[in-house]
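One structure is given here, and the rest of the page talks about it.
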Amino acid sequence: MKGRLSRWVVRCAIVTWVASGLLALPGRADVSVERGSSIIIFPKVISDDDGLLTRGFPVETIIQISNTSNSLAFAHCFYVNAAPLDPRQPPGPFNPPQWQEVDFDLVLTKQQPTYWVVGQGRRVDPTDPQCSRVPPVFSCPNAGFDPGAIPAVPPNFQGQLVCIEVDSAGAPLNGNRLKGEATLVTPRSTTVNGVTMRQGEVSKYNAIGIAGLNTDTNSNDGDLTLCIGGNPRPGCPAGAEYNGCPDTVIVNHFGERATMPALPANDIPNSRVETEVTLVPCTQDFENQVPGSVVVQFRVTNEFENLFSASTTVTCWSNFRLAEVGRIFDASFLGTRFAQTRMTPGGIEQPGFLGVSEEFYNDGRGVLSRAALNLHVEGVRPGGDVITIPEVAP
Amino acid sequence: MSPRLLGLACLSLFVAAGVVHAQQVGSDRAAAILVFPKVVVDTNNNAGRGRLDTLIRISNTLNKPVRMQCFWVNANGHCFNAPGIICDPTLLPRDDRCPANSVCVPGWQETDFIVQLTARQPVAWLASMGATLCTDTADPNLPCFPITGAGRPSPTNNLESRVPAVQEDPFVGELKCIAVDQNDVPIEDNALKGEALIVRSDVANNTNFFDVRAYNAIGIPALAGRNNRDNVLILGGNGAEYAGCPNVLILDHFFDGAVDPVAQQSISTALTLVPCTEDFLTQRPTSIPVQFLVFNEFEQRFSTSFRDFNCFREFRLSEIDTRVPTFSIFHAGVSGTLTGQTRIRGVAGNDRTRGQTLLGVAEEMRANGGSAAFQVHMQGTRPQSDFVYLPLQ
Numbered sequence: 001m002k003g004r005l006s007r008w009v010v011r012c013a014i015v016t017w018v019a020s021g022l023l024a025l026p027g028r029a030d031v032s033v034e035r036g037s038s039i040i041i042f043p044k045v046i047s048d049d050d051g052l053l054t055r056g057f058p059v060e061t062i063i064q065i066s067n068t069s070n071s072l073a074f075a076h077c078f079y080v081n082a083a084p085l086d087p088r089q090p091p092g093p094f095n096p097p098q099w100q101e102v103d104f105d106l107v108l109t110k111q112q113p114t115y116w117v118v119g120q121g122r123r124v125d126p127t128d129p130q131c132s133r134v135p136p137v138f139s140c141p142n143a144g145f146d147p148g149a150i151p152a153v154p155p156n157f158q159g160q161l162v163c164i165e166v167d168s169a170g171a172p173l174n175g176n177r178l179k180g181e182a183t184l185v186t187p188r189s190t191t192v193n194g195v196t197m198r199q200g201e202v203s204k205y206n207a208i209g210i211a212g213l214n215t216d217t218n219s220n221d222g223d224l225t226l227c228i229g230g231n232p233r234p235g236c237p238a239g240a241e242y243n244g245c246p247d248t249v250i251v252n253h254f255g256e257r258a259t260m261p262a263l264p265a266n267d268i269p270n271s272r273v274e275t276e277v278t279l280v281p282c283t284q285d286f287e288n289q290v291p292g293s294v295v296v297q298f299r300v301t302n303e304f305e306n307l308f309s310a311s312t313t314v315t316c317w318s319n320f321r322l323a324e325v326g327r328i329f330d331a332s333f334l335g336t337r338f339a340q341t342r343m344t345p346g347g348i349e350q351p352g353f354l355g356v357s358e359e360f361y362n363d364g365r366g367v368l369s370r371a372a373l374n375l376h377v378e379g380v381r382p383g384g385d386v387i388t389i390p391e392v393a394p
Numbered sequence: 001m002s003p004r005l006l007g008l009a010c011l012s013l014f015v016a017a018g019v020v021h022a023q024q025v026g027s028d029r030a031a032a033i034l035v036f037p038k039v040v041v042d043t044n045n046n047a048g049r050g051r052l053d054t055l056i057r058i059s060n061t062l063n064k065p066v067r068m069q070c071f072w073v074n075a076n077g078h079c080f081n082a083p084g085i086i087c088d089p090t091l092l093p094r095d096d097r098c099p100a101n102s103v104c105v106p107g108w109q110e111t112d113f114i115v116q117l118t119a120r121q122p123v124a125w126l127a128s129m130g131a132t133l134c135t136d137t138a139d140p141n142l143p144c145f146p147i148t149g150a151g152r153p154s155p156t157n158n159l160e161s162r163v164p165a166v167q168e169d170p171f172v173g174e175l176k177c178i179a180v181d182q183n184d185v186p187i188e189d190n191a192l193k194g195e196a197l198i199v200r201s202d203v204a205n206n207t208n209f210f211d212v213r214a215y216n217a218i219g220i221p222a223l224a225g226r227n228n229r230d231n232v233l234i235l236g237g238n239g240a241e242y243a244g245c246p247n248v249l250i251l252d253h254f255f256d257g258a259v260d261p262v263a264q265q266s267i268s269t270a271l272t273l274v275p276c277t278e279d280f281l282t283q284r285p286t287s288i289p290v291q292f293l294v295f296n297e298f299e300q301r302f303s304t305s306f307r308d309f310n311c312f313r314e315f316r317l318s319e320i321d322t323r324v325p326t327f328s329i330f331h332a333g334v335s336g337t338l339t340g341q342t343r344i345r346g347v348a349g350n351d352r353t354r355g356q357t358l359l360g361v362a363e364e365m366r367a368n369g370g371s372a373a374f375q376v377h378m379q380g381t382r383p384q385s386d387f388v389y390l391p392l393q
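Chains Y and E, in that order, give the protein sequences.
Quick note, the first sequence lines up with residues 1 to 394 if you use the working numbering.
Quick note, the second sequence lines up with residues 1 to 393 if you use the working numbering.
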């Protein structure tokens, strides 16, 4: 009996040691907005100088990406244009979203940061003048090592940017070297219906990172099917290559059209806050350009702990005000100024999704400000997701 | 012990190992400790930057009640010979608000309070006003705690919740909230998520200035089965009860003075750092040298350090290494490119048992434009622990 017990103790020690070691390699099992990753997703990228897609207010996006490691990093990036075919007309069955992807490559030297303006792109030009102290020149767009030829997006663009770490041959790689931020900038002061958004009004969010698993042994098989979480399945015979997408996405928000309490109500009585949420499915097929689609369930809890629910469908990319989903988000219906909303896919067979929120604050005197927030996540999708990318070399 | 029981224990260890490694400090997961590194209040526009206030939003993500003990950490400086005068110890060469024969002494003072959240309940309060129960006499324009229940306080109502306003106005400092049980003993419920909205407006001058920036609170998750329920919270390292703080913070930023390629306005970045180790029991601030390693877009490297970091510090990047911002390695004129990446590291001291790690948040401001706050990236953890010492109950 004693020998049997000691055998069990030894087995237990070995299993625990191996398990802790294996689990230590990836370090976590979920997406993150503040850790270097192998896939980074910018859910909300807008370049709309006319304000056709943004309620009349022009918006431009600055993308910042950097390599957090001491070795060279390569990335393959995809813009997905989700603007309607004719941005001047309202979207509908006869004016569907384009779901058009355009891809390009990035090369970042060790610890190199880079940036580009989405509507301008970035060309390779080693002669870009640098900033200097003497004479004082502080405007030096594109100075630095150009990370590659980055195309400008077409006018009236809205959609997402996905960057995938690859090796020098273009095969997906689990290096977890990439991080990024997106800044939504108002290029000039604009007044719409008596409400003004000033030039330089900005909101900023961190790219959502999906870490590659087992960076030491590189569990990535380097093929064109990226397995995001989940167990072995058709297309992913070895199971997950990357961390899984979350099971639940959580947003704390104002009730729609609630007042902003930080403004003194006696002096400024008519402030109001609206929240915009941008969601993208985790499953994406850039090879066949088949947009992922997910039914999103909303469960809203107000400050009284009252529960409400609603749902909507997100295909490829969706950007909406909460009030557009249902009246339950309205402060007058909720009965409280603040709420917590949990968003989940409509079923186990549905893909996961990621997103970002942006709040718009109208001060009641005609000035509009904005702030973006990364959403909270909870759990991991058991079924996993798949990103399929096109061949990069013949 | 039977082999079957031993197998069960083995399985538990296996699961625990997984949980330990899966938990990380971050701003996108519910956690047992929330850190809001920057809270500012200046409702009378003393600093001339407009009326400033911070709205705190916190919610319980679990389907059961949770209680939190929160700490306002007042990092205001006060004049040495005139402690009633609030001043800024970071101003160089001195803050003129202090009398001629006085200097500005940094401060660090905590005030704590209890908030009871019911299942999935979101709550909010203004740092300048605090919050009380929603009664008939409460100001309807201010956030309050709505579930008043009937009779005695219980986990299913907010009767025990009362948030004091920050200690002073103007105020600069930090808010930390810790999940506790009904006896105010720390527990391992990773239930809390939160956001801070810094609102700047100009009411008195009627210039119609209005700007809001927002960031997520940083969450430090508790590790399952590790909490020993004492008043010393161990973050990372041996005997960890909570996930360890990051070894390095990484900040992608525009260099100060760089001209925004879209709005054509000058950009500056403010970085707020707080230490992971905090002693609310003896109110002793921790002294940590901070190292900054800066890379521009040419992969050229610069570095600098800051010696006098104690409990809270808000830096404008180009004032970290020099009194003349245009000579700073964080200035576009010196770095030569618009953007950079800075790695920020608290230096471990001679006491090798302490992690000396940092947490922070960044804010990007445009001259005559708006501002945005965003999360600082993190990398790795340290083998040493950080500690949060709570007042004894």
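Glycine is no exception: its CB is placed at the ideal position from the N, C-alpha and C atoms.
Please read these numbers as outputs of a predicted model, since none were measured by experiment.
Determine the direct distance from the alpha carbon of residue j to that of residue i, and round the result to whole angstroms.
i, j, result
"Y/V386", "Y/G229", "8 Å"
"E/V73", "Y/A331", "32 Å"
"Y/T191", "E/C79", "45 Å"
"E/V388", "E/N45", "34 Å"
"E/L192", "E/F36", "12 Å"
"Y/G212", "E/G107", "44 Å"
"E/Q69", "E/T282", "17 Å"
"E/L142", "E/R313", "30 Å"
"E/L34", "Y/P96", "43 Å"
"Y/V202", "E/T286", "35 Å"
"E/F254", "E/G340", "6 Å"
"E/P383", "Y/P135", "47 Å"
"Y/S37", "Y/H376", "17 Å"
"Y/R321", "E/L392", "46 Å"
"Y/F57", "Y/L307", "34 Å"
"Y/V295", "Y/L53", "23 Å"
"E/D189", "E/P155", "14 Å"
"Y/P234", "Y/P246", "21 Å"
Select from the options the residue whose C-alpha is nearest the C-alpha of residue i.
i, options, result
"E/D88", "E/V172, E/S287, E/T111 and E/R301", "E/V172"
"E/P170", "E/T286, E/A243, E/I86 and E/S102", "E/I86"
"E/S405", "E/D260, E/A240, E/T286 and E/N368", "No information on residue 405 of chain E is available, as it lies outside the stretch 1 to 393 that chain E covers here."
"Y/L354", "Y/N95, Y/F57 and Y/G209", "Y/G209"
"E/V40", "E/S161, E/T357, E/V166 and E/C98", "E/V166"
"E/T381", "E/P261, E/R200, E/L249 and E/F309", "E/L249"
"Y/P172", "Y/F360, Y/F145 and Y/D105", "Y/D105"
"E/V163", "E/R94, E/C276, E/L117 and E/D181", "E/L117"
"Y/G366", "Y/T196, Y/N243 and Y/R257", "Y/T196"
"Y/S357", "Y/V280, Y/V290 and Y/G383", "Y/V280"
"Y/G346", "Y/N176, Y/T312, Y/Q199 and Y/D167", "Y/T312"
"Y/L178", "E/L251, E/A217 and E/G219", "E/L251"
Return helix, strand or coil for residue i, following the three-state DSSP convention.
i, result
"Y/T186", "coil"
"E/E319", "helix"
"E/P383", "coil"
"E/A196", "strand"
"Y/S430", "For residue 430 of chain Y there is no data in the structure shown, the boundaries of chain Y being 1 and 394."
"E/W72", "strand"
"Y/L25", "Here the model assigns Y/L25 a pLDDT of 38, short of 50, so the residue's position is not dependable, and the following value carries that caveat. Looking at Y/L25 - three-state DSSP - the assignment turns out to be coil, as it is neither helix nor strand."
"Y/F145", "coil"
"Y/A371", "strand"
"E/F255", "coil"
"Y/L53", "coil"
"Y/V153", "coil"
Assess, as a yes-or-no matter, whether the stretch 325-334 of chain E is touched by the stretch 346-356 of chain E under the definition of 3 or more beta carbon pairs within less than 8 Å.
The stretch 346-356 of chain E is not in contact with the stretch 325-334 of chain E.
The stretch 81-91 of chain Y / the stretch 145-163 of chain Y touching (three or more Cβ pairs under 8 Å)
As far as the Cβ criterion goes, the stretch 81-91 of chain Y touches the stretch 145-163 of chain Y, which means the pair count is three or higher.
Just to confirm the assignment: which complete beta strand (DSSP E) runs, minimum length 3, are found wholly within the stretch 320-369 of chain E?
Complete beta strand (DSSP E) runs here, min 3: 339-346 and 358-366.
Examine the Cβ distances between the stretch 101-121 of chain E and the stretch 219-233 of chain Y and report whether three or more of them are shorter than 8 Å.
The stretch 101-121 of chain E is not in contact with the stretch 219-233 of chain Y.
Runs of beta strand (DSSP E) lying entirely within the stretch 303-360 of chain Y, each at least 3 residues, in chain order:
Along the stretch 303-360 of chain Y, the beta strand (DSSP E) occurs as fully enclosed runs of 3 or more residues at 307-315, 318-321 and 338-345, listed in sequence order.
Continuous beta strand (DSSP E) assignments of at least 3 residues falling wholly in the stretch 33-112 of chain E:
Runs of beta strand (DSSP E) with 3 or more residues, each lying fully within the stretch 33-112 of chain E, are found at 33-41, 51-60, 66-74 and 77-79, listed in chain order.
How do the stretch 338-357 of chain Y and the stretch 300-311 of chain Y stand: do at least 3 beta-carbon pairs fall below 8 Å, yes or no?
These segments touch.
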